[in-house]
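Position 210, counted from 1, in the sequence shown is what the working numbering calls 221; the numbers after and before it change by one each time, with no gaps. The beta carbon of each residue, even a glycine, is placed where N, CA and C say it ideally should be. Report on the following structure.
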Amino acid sequence: MAHALQLARKGLYSTDPNPRVGCVVISKQALVSQGWHEFYGGPHAEINAIEKVSIPAASEFYVTLEPCSHQGKTPPCVDAIIDLKPARVIVAMQDPNPLVAGCGIERLETAGIKEVVGVLESEARALNAGFVSRMERNRPFLRLKMAMSLDGRTALANGISQWITGEAARLDVQRLRAQSSAILTSVATIITDDPSLNLRLNESELGQTVAVRQPVRVVLDTKLQLTGKEKIFTTGGSIWVYTLNNNEADLARLTEAGAEVTVFENSNSGKIDLSRLMAHLAKREVNQVHSECGATLAGALIQQQLVDELVVYIAPQLLGNRSRGLFDLGEITKMDARINCRIDEIRKVGEDIRLRISLQHQSI
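The following block contains the structure:
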């Protein structure tokens, strides 16, 4: 199963919105075939493994996700497996899609094929955290990426922040973007930094043999301040703007610039409902959101318990007391109101340090 998971990781940048899946076929304790889901719309992992060679009867299948039992872009994988009369099918995790969960396993049982479910399940769920989140929680997995100096500052007082981190860290961020369905930011970040927020690594740089898609850029622009001339409109890829402004002229301006604009009804707070936003993105098959934003949106995402993972790059610099802080969380006056985190990984990336952090309230 560990080898099947390694195969599944080959689809890290190319299967979205489908899950990443690997399959290994064993006969008489020897590897017979293997496959993985290579790209969205392409054959599933099991089919790729089956079609490579003649599979002996009484083989064992190791699959990182329950074989599909429904007709989608491809035929049901479970039928192809059953036709081969395997001795056993070992599955890392049940399909989290509530519409089909357990159906593939039930079909195997009905066909008299032994199955084992739950081998390296936590690893399989982690590999597909976005897909699992969308199916089980009706919202994407959200990673918040931040960069700061040693004294916890993200930008100078005038807003200038390019570049705090080094080239190696920025390249690392590109790989995080490549794994994501969407990149989320605020209009304030667009106005201040005018970033492209696109993926600038090609297939070979990501170790891929199939085309790499651009993540959707999602911009929260409550008042529609975007002009349509910012860099995000000139670098290709889809742009989804969420707003509370239904002014026809403003909507037309951004639509003509190439954005797809969604208007939410105005709330008492005058802000976009972030929980509703996440549910809306899930309906659009967004598995994983990568957020690069300023302190205000970052703080709001944390306070509303929408952040699943923090990735913080720490640069060996000092920016001083008047420079901007990492999060706008307001004042916390009691220790029992603090937000607890768990550091999952510390790694040096070039001259910078990368922290991977889980927030205490999250569980995928």
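Neighbour-count burial assignment, residue i, 16 or more Cβ in a 10 Å radius
| i | result |
| --- | --- |
| Leu321 | buried |
| Gly305 | buried |
| Asn139 | buried |
| Pro109 | exposed |
| Lys240 | exposed |
| Asp94 | exposed |
| Pro151 | buried |
| Glu276 | exposed |
| Ser280 | exposed |
| Asp106 | buried |
| Asn332 | exposed |
| Lys156 | buried |
| Leu161 | exposed |
Simplified DSSP state of residue i, which is helix, strand or coil
| i | result |
| --- | --- |
| His301 | strand |
| Gly141 | helix |
| Gln190 | helix |
| Ala263 | helix |
| Lys156 | strand |
| Lys294 | helix |
| Arg211 | coil |
| Leu42 | strand |
| Cys352 | strand |
| Phe244 | helix |
| Lys21 | helix |
| Leu337 | coil |
Rounded distance between the beta-carbons of residue j and residue i, thought under 8 Å
| i | j | result |
| --- | --- | --- |
| Glu214 | Ala222 | 7 Å |
| Val102 | Ile116 | 7 Å |
| Val198 | Leu237 | 6 Å |
| His301 | Pro226 | 7 Å |
Beta-carbon gap between residue i and residue j smaller than 8 Å
| i | j | result |
| --- | --- | --- |
| Ser80 | Val111 | yes |
| Val43 | Pro78 | no |
| Ile194 | Arg228 | yes |
| Tyr253 | Thr273 | yes |
| Ala19 | Arg31 | yes |
| Thr75 | Ala15 | yes |
| Ile343 | Arg335 | no |
query: Does the stretch 121-137 come within contact of the stretch 291-310, defined as at least 3 CB pairs closer than 8 Å?
result: no
- request: Tell me, please, whether the stretch 159-168 touches the stretch 55-75 by the rule of three or more beta-carbon pairs shorter than 8 Å.
  value: no
message: Count Cβ pairs between the stretch 347-366 and the stretch 316-330 that sit closer than 8 Å; are there 3 or more?
response: yes
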